[in-house]
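Protein chains: 2
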Amino acid sequence: MSDRLWDRTRRRVQEEVVDAALALFLEHGFEETTVDQVVAAAGISRRSFFRYFGTKEDIVFGDLAEQGPVILEALRARPDDEPIWDALRHAFGVLSTLVHPRRGAAIGRLVTSSPALRAAHLEKHLRWQQVLAPEVERRVGTGGAPPGLVGEAIVATALACLDAATTTWLGQGGDDLDELARLTDLALAAVRSG
Amino acid sequence: MSDRLWDRTRRRVQEEVVDAALALFLEHGFEETTVDQVVAAAGISRRSFFRYFGTKEDIVFGDLAEQGPVILEALRARPDDEPIWDALRHAFGVLSTLVHPRRGAAIGRLVTSSPALRAAHLEKHLRWQQVLAPEVERRVGTGGAPPGLVGEAIVATALACLDAATTTWLGQGGDDLDELARLTDLALAAVRSG
DNA sequence: TCCTCCTTGGCATTGAGTGCCAAGTTAGCA
DNA sequence: TGCTAACTTGGCACTCAATGCCAAGGAGGA
């Protein structure tokens with residue numbers, strides 16, 4: 001947040017590492033590319049790399065896993081009487097502002113092609129789920145079920161549909177964000193009519 | 001499946017390693033327990049361990065991730081006109097026959113307490129999803145959506161609800177399987193009425 | 001300018017997972 | 001029973017991700 005030279009330098013270096021790494025990942029694959037190759041390409045020491053990115057996966061996801069509160073804020077901003085699915089879909093919309101648009105599709109493709117990244121991706125969803133579930137349950141009530149169950153189930157379902165839609169979306173180009181929203185709605189509709 | 005001495009010995013050793021390892025995991029935690037400690041407790045060499053279990057996570061999950069076809073078989077056995085959610089919930093019932101009942105709750109608790117195990121657990125769901133989605137989509141149709149989307153979304157939702165129900169179930173004891181089925185139905189109902 | 005805070009990179013170490021090989025065990029067969 | 005082929009075992013060395021420690025150097029305020 002600050003603007004001291006240190007912070008600006010840090011952000012610049014981080015960007016450069018991500019650029020160099022994504023290029024390597026896309027060419028050779030995520031698992032096949034070692035951290036040593038990345039740091040060599042980025043001109044940084046191995047030790048410093050692990051201070052910028054706690055894990056190799058963090059190159060791809062950045063601090064997205066910690067952005068649950070941002071999504072929560074977006075969800076809170078939706079009107080209380082809006083159907084929960086619409087509110088969630090709109091709240092997830094902020095994600096597109098958190099990811100470099102040019103990188104979005106590339107990241108998506110990487111994730112589907114690497115078990116380690118898929119796992120990190122799902123773990124990220126779990127983190128968001130824990131943040132969002134209480135607010136969802138506040139809106140829809142527990143419906144007689146034990147506390148927690150309904151909120152968790154609804155958020156997990158919304159994320160699952162978003163994922164299924166993203167898979168389809170990437171398969172057909174992955175360039176139009178409105179199309180992704182449309183596919184997400186189709187998935188949610190299928191689940192609710194089933 | 002064969003009954004040569006080799007195979008029986010293999011199964012026996014495998015069971016012993018799992019018993020020793022689960023005891024260590026429950027006492028000290030999954031991440032905190034090293035493979036070296038496990039093999040020392042089980043009286044087997046480190047190298048042989050990695051022939052029995054490809055990864056440390058495999059101690060906990062065994063070959064559950066490869067059992068998608070078994071669930072698929074159970075799903076195919078359900079009548080074609082049964083509502084998809086009932087068919088899926090019943091199909092998932094075979095899982096309780098694949099896990100040592102005595103170990104089930106212990107495994108559940110381990111999974112919720114270790115990021116590495118949670119990731120493996122979700123990756124396992126993804127594997128099942130790919131196996132089950134086509135049969136689900138055959139039953140319910142695509143409803144105008146691109147092929148694949150509806151099947152993926154429905155299976156992912158069912159698994160998400162099963163997971164949410166399992167979390168609640170473990171929190172309240174985790175001993176009665178009928179109660180788990182009831183909680184799963186509650187979760188699914190909440191999702192569909194939302 | 002001096003002093004403090006923070007970053008950097010090198011080194012050593014841990015822990016998971018793999019390839020290779022020599023020695024031992026089992027199974028099938030004469 | 002004895003021989004051989006198939007398979008398992010465990011030791012060793014290695015790769016790769018990740019972490020703790022430490023000395024050196026740049027940034028920023030007094």
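Those sequence lines, one after another, are chains A and B. Residue numbers 1 to 194, in my numbering, belong to the letters of the first sequence in order. Residue numbers 1 to 194, in my numbering, belong to the letters of the second sequence in order. Don't be surprised by glycine CBs; every beta carbon is placed ideally from N, CA and C.
What do you reckon, are the CB atoms on residue i and residue j nearer than 8 Å?
i	j	result
Phe53 (chain A)	Ile44 (chain A)	no
Glu50 (chain A)	Lys124 (chain A)	The residue asked about is misnamed: residue 50 (chain A) is Phe in this sequence, not Glu. Cβ atoms of Phe50 (chain A) and Lys124 (chain A): not closer than 8 Å.
Leu201 (chain B)	Leu110 (chain B)	Residue coverage of chain B in this structure runs from 1 to 194, which leaves residue 201 (chain B) outside it and unanswerable.
Leu159 (chain B)	Trp169 (chain B)	no
Ala119 (chain B)	Leu26 (chain B)	no
Leu132 (chain B)	Gly68 (chain B)	yes
Gly108 (chain B)	Gly29 (chain B)	no
Arg89 (chain A)	Thr184 (chain A)	yes
Lys267 (chain B)	Val35 (chain B)	In the structure as shown, chain B starts at 1 and stops at 194, and residue 267 (chain B) therefore has no counterpart that could be examined.
Thr33 (chain A)	Thr112 (chain A)	no
Leu186 (chain A)	Ala145 (chain B)	yes
Gly194 (chain B)	Ile154 (chain A)	yes
Buried or exposed: residue i, going by 16 or more other Cβ atoms within 10 Å of its Cβ?
i	result
Gln172 (chain B)	exposed
Met1 (chain B)	Note that Met1 (chain B) scores a pLDDT of 49, beneath 50, so its modelled location is shaky; the value from the coordinates is reported in the next line. Met1 (chain B) is exposed by the Cβ-count criterion.
Asp163 (chain A)	buried
Ser114 (chain B)	buried
Trp128 (chain B)	buried
Thr9 (chain A)	exposed
Arg102 (chain A)	exposed
Leu22 (chain A)	buried
Glu218 (chain B)	This structure leaves residue 218 (chain B) out entirely; chain B is present only between 1 and 194.
Expressed to the nearest angstrom, what Euclidean distance is found between the alpha-carbon atoms of residue i and residue j?
i	j	result
Ala20 (chain A)	Trp85 (chain A)	38 Å
Gly141 (chain B)	Gln130 (chain A)	33 Å
Arg11 (chain A)	His100 (chain A)	14 Å
Ala156 (chain B)	Trp6 (chain A)	44 Å
Glu135 (chain A)	Leu177 (chain B)	29 Å
Pro83 (chain A)	Leu64 (chain B)	37 Å
Glu31 (chain A)	Leu24 (chain A)	11 Å
Arg182 (chain A)	Asp80 (chain B)	29 Å
Arg46 (chain A)	Cys161 (chain B)	42 Å
Ser48 (chain B)	Arg139 (chain A)	53 Å
Ala87 (chain A)	Val13 (chain B)	53 Å
Glu66 (chain A)	Gly143 (chain A)	30 Å
Leu98 (chain B)	Leu98 (chain A)	42 Å
Below 8 Å, how does it come out for the stretch 148–165 of chain A and the stretch 175–191 of chain B: are there three or more Cβ pairs, yes or no? yes
Can we say the stretch 4–19 of chain A touches the stretch 29–49 of chain A, given the rule of at least three CB pairs closer than 8 Å? yes
Does the stretch 65–79 of chain B come into contact with the stretch 90–101 of chain B, if we say contact requires no fewer than three beta-carbon pairs (one atom in each stretch) closer than 8 Å? yes
Every unbroken alpha helix (DSSP H) within the stretch 100–152 of chain A, with a cutoff of 4 residues, ordered by chain: 101–113 and 115–140
Can you give, in chain order, each stretch of the beta strand (DSSP E) that sits fully within the stretch 63–105 of chain B and has at least 3 residues? none
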